[in-house]
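Residue numbers (the numbering used here): 690 to 1063.
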């Protein structure tokens, strides 16, 4: 079995909530998504996706995804997709870094491998635990009242976790506004809920400490990605009164090892595209497990394909280490396919459909923007 063609497609995925606001004035109305279709000499096809969160979230951007795929395509053609690590190595031999470009191909490779073997991807990743995975919302920065209302809406829809964005500039209200946001959304906290307060690297240690000093004692939340650099993060870690999870600072396996060796955090926001796909995400999952770190398995944003990939990985994390998975389907208005994974009884349980289990809507992909073949 070998890969005979690679087609690249582009779609814009509008944000479902109008405008998504992050720290440092980063606003997003739509996301430029790249999709990959791999075909084989057996007639099987696999699909993957990479949707960067704009060009200012991490060092990734949508046009770079498609250019990176062009660099790697000849190394992928002719490979056996069942040998996932070997395809990953072939990509690395043609392009250093650029995880966001590798992710789209890597997901399609895993989709193909599962279909070829007649197994769901979670079986290839070690096996699902069989436990429902709690789902986390993504609540962009707004007024405290608006954010509380959006948390309540997601709670009513079965979400057990909530990722709330902070990072107000001084002109917007600074630490005082961020403290008000946290108090507002935690005011109605239910038993068993999990709250991430996510700054996306937008705080200085001084801002974070002022914010924490404004909060009443006993609020149960985890601070995620507070600062943009390792130096700032380690400085805050020494004086921080709440648990910390990291996200944007951990791209490579070596970053995760550095996080563990410096005791910089208590857990990881493991994002599939940021890591470069399921192949490196599987390694990072295992490193976290060996170190006893909790995980929130997510992606930056994306469609049904990105959701499927993160859900398959999340289903293999032991429940005591899995805080939540992110349902990125909820973030965009254009689903590209269907998967049997509703939120029920407080979480999501995947089935056993082969590959990623996504029935892709081919009508959305009439003409590729680039094609490569043997």
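Beta carbons are placed, not taken as given, at the ideal position from N, Cα and C, and that holds for glycine.
Computed from a prediction, not measured in an experiment: that's the story for all the values here.
For residue j and residue i, the rounded distance between their alpha carbons
| i | j | result |
| --- | --- | --- |
| residue 815 | residue 905 | 42 Å |
| residue 903 | residue 940 | 32 Å |
| residue 817 | residue 1010 | 14 Å |
| residue 765 | residue 778 | 10 Å |
| residue 997 | residue 1025 | 12 Å |
| residue 986 | residue 862 | 31 Å |
| residue 944 | residue 761 | 24 Å |
| residue 751 | residue 860 | 31 Å |
| residue 1055 | residue 842 | 36 Å |
| residue 831 | residue 710 | 8 Å |
| residue 784 | residue 772 | 19 Å |
| residue 833 | residue 948 | 32 Å |
| residue 699 | residue 731 | 26 Å |
| residue 770 | residue 757 | 19 Å |
| residue 763 | residue 1061 | 8 Å |
| residue 1008 | residue 1014 | 11 Å |
| residue 942 | residue 999 | 18 Å |
| residue 914 | residue 733 | 40 Å |
| residue 1034 | residue 826 | 16 Å |
| residue 804 | residue 822 | 24 Å |
| residue 889 | residue 690 | 42 Å |
| residue 800 | residue 868 | 43 Å |
| residue 1072 | residue 887 | Residue 1072 cannot be examined here, being either before or after the span of the chain that is shown, 690 to 1063. |
| residue 892 | residue 776 | 38 Å |
| residue 916 | residue 926 | 10 Å |
| residue 993 | residue 707 | 19 Å |
| residue 838 | residue 719 | 23 Å |
| residue 1053 | residue 735 | 16 Å |
| residue 716 | residue 960 | 20 Å |
| residue 802 | residue 759 | 22 Å |
| residue 878 | residue 981 | 26 Å |
| residue 858 | residue 866 | 9 Å |
| residue 774 | residue 995 | 20 Å |
DSSP three-state assignment for residue i, whether helix, strand or coil
| i | result |
| --- | --- |
| residue 731 | coil |
| residue 876 | coil |
| residue 904 | coil |
| residue 809 | strand |
| residue 710 | strand |
| residue 1063 | coil |
| residue 825 | strand |
| residue 663 | There is no way to answer for residue 663, as the model of the chain reaches only from 690 to 1063. |
| residue 773 | helix |
| residue 820 | coil |
| residue 655 | Residue 655 cannot be examined here, being either before or after the span of the chain that is shown, 690 to 1063. |
| residue 1056 | coil |
| residue 855 | coil |
| residue 834 | helix |
| residue 768 | coil |
| residue 759 | helix |
| residue 960 | strand |
| residue 850 | strand |
| residue 722 | strand |
| residue 703 | strand |
| residue 800 | helix |
| residue 784 | coil |
| residue 955 | coil |
Short Cβ contact (7 Å threshold) for residue i with residue j
| i | j | result |
| --- | --- | --- |
| residue 658 | residue 898 | For residue 658 there is no data in the structure shown, the boundaries of the chain being 690 and 1063. |
| residue 894 | residue 921 | yes |
| residue 856 | residue 797 | no |
| residue 792 | residue 962 | yes |
| residue 697 | residue 1058 | yes |
| residue 693 | residue 957 | no |
| residue 967 | residue 795 | yes |
| residue 1002 | residue 970 | yes |
| residue 824 | residue 1028 | no |
| residue 912 | residue 875 | no |
| residue 896 | residue 932 | no |
| residue 727 | residue 695 | yes |
| residue 991 | residue 740 | yes |
| residue 705 | residue 984 | no |
| residue 1017 | residue 988 | yes |
| residue 872 | residue 836 | no |
Near the ligand MG: residue i beta-carbon under 6 Å from a heavy atom
| i | result |
| --- | --- |
| residue 699 | What this structure holds is no ligand at all, so the ligand MG is not there to describe. |
For the stretch 968-997, list the beta strand (DSSP E) runs that are entirely contained and at least 3 residues long, ordered along the chain. 983-987
Segments assigned beta strand (DSSP E), at least 3 residues, entirely inside the stretch 902-951: 911-913 and 933-935
If we require 3 or more residues per run, which beta strand (DSSP E) segments fall completely within the stretch 996-1050? 1011-1015
Would you call the stretch 721-734 and the stretch 971-982 in contact, with 3 or more CB pairs under 8 Å? no
Counting Cβ pairs, one atom from each stretch, are 3 or more of them under 8 Å apart for the stretch 1027-1044 and the stretch 801-812? yes
Are at least three pairs of beta-carbons, each pair with one atom in the stretch 847-856 and one in the stretch 876-883, less than 8 Å apart? yes
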